[in-house]
Amino acid sequence: MLLSGRRVGGLAERPATPLSDQQAVVDFYMGVSPVVRIALVVAAILVVGITVLGLLPDYSRRTIVTARRSPVISILIGIPTALVFGALAYIGLLLSHSDIGVFFAIPLVTVCLALLPTWALIAIVSTGNGLSGPFLRDSVGVGLVVGALVVGVSAVHTVTLIAVTGFVICYGAGAGARVFVSGGAASDPADRSVPPANKI
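Everything in the sequence shown is counted per my numbering, starting at 59 for the first residue and increasing by one.
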């Protein structure tokens with residue numbers, strides 16, 4: 059897409075300035091109807107969710123269990139965690155504009171853009187399981203679909219979508235960081251070792 063040039067006085071028209079890829083995506087998203095926005099968000103979550111849950115089944119399961127057992131703690135831990143990773147990603151983007159800084163920017167941006175969406179996706183599944191628990195079978199697949207629909211509905215308004223996205227990122231970042239810090243320790247009681255009976 060191109061921005062139209064303007065004629066100043068009798069001078070020749072300036073060359074059109076191309077829009078950035080990010081701006082083009084935002085313009086496309088804002089230009090479609092709310093129904094299309096919902097469909098796009100739901101489809102994106104389902105595709106990313108199937109990929110993440112398929113590549114990281116054990117870590118995803120442990121993080122979902124951790125998030126569901128103590129959501130308040132996960133959110134409180136997730137707020138500073140998300141801010142730190144968001145700041146690192148922003149610094150990486152700034153460094154990417156210099157020839158030397160690009161070598162530091164690539165790992166920073168890659169790690170942050172890999173972890174934050176993964177954690178957000180896990181939080182979406184956990185939220186979906188929590189909402190559908192009393193009515194539907196408690197499973198990762200059901201949680202993914204219900205969570206995707208909930209986030210998709212929030213896409214009707216941009217402000218609502220931003221608020222919901224911020225919530226799931228903080229929620230998932232807290233649970234994901236807790237699992238990382240615990241060294242992948244089992245969160246499920248079924249995975250914990252049972253001590254032998256005391257001998258008389």
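Where a beta carbon is used, it is the ideal one built from N, C-alpha and C, also for glycine.
Computed from a prediction, not measured in an experiment: that's the story for all the values here.
Determine the direct distance from the alpha carbon of Thr121 to that of Val237, and round the result to whole angstroms. 6 Å
Report the rounded CA-to-CA distance for Ile137 versus Val94, giving the unit in angstroms. 31 Å
Please classify Phe143 as buried or exposed, where buried requires at least 16 neighbouring CB atoms within 10 angstroms. Counting other Cβ atoms within 10 Å of its Cβ, Phe143 reaches 16 or more and is therefore classed as buried.
Mind checking Arg195: buried by the 16 CB within 10 Å criterion, or exposed? exposed
Are Val226 and Ala181 touching if we call contact CB-CB under 7 Å? yes
For the alpha helix (DSSP H) holding Ser212, just list the boundary residues, first then last. 198 to 212
Can you tell me which of the three DSSP states Phe238 falls into? helix
Just checking my contact of Ala125 with Gly230 at CB under 8 Å: how many whole Å lie between their CB atoms? 7 Å
Please return the same chain residues whose Cβ sits closer than 6 Å to the Cβ of Ala178, not counting the five positions on each side in sequence. Val226, Ile227, Gly230
Just mark Gly210 as buried or exposed, buried being the case when its beta carbon has 16 or more other beta carbons within 10 Å. Buried, by the Cβ-count rule.
For Ile103 and chain C, any beta-carbon pair shorter than 7 Å? Of the protein chains in this structure there is only one, and it is not chain C.
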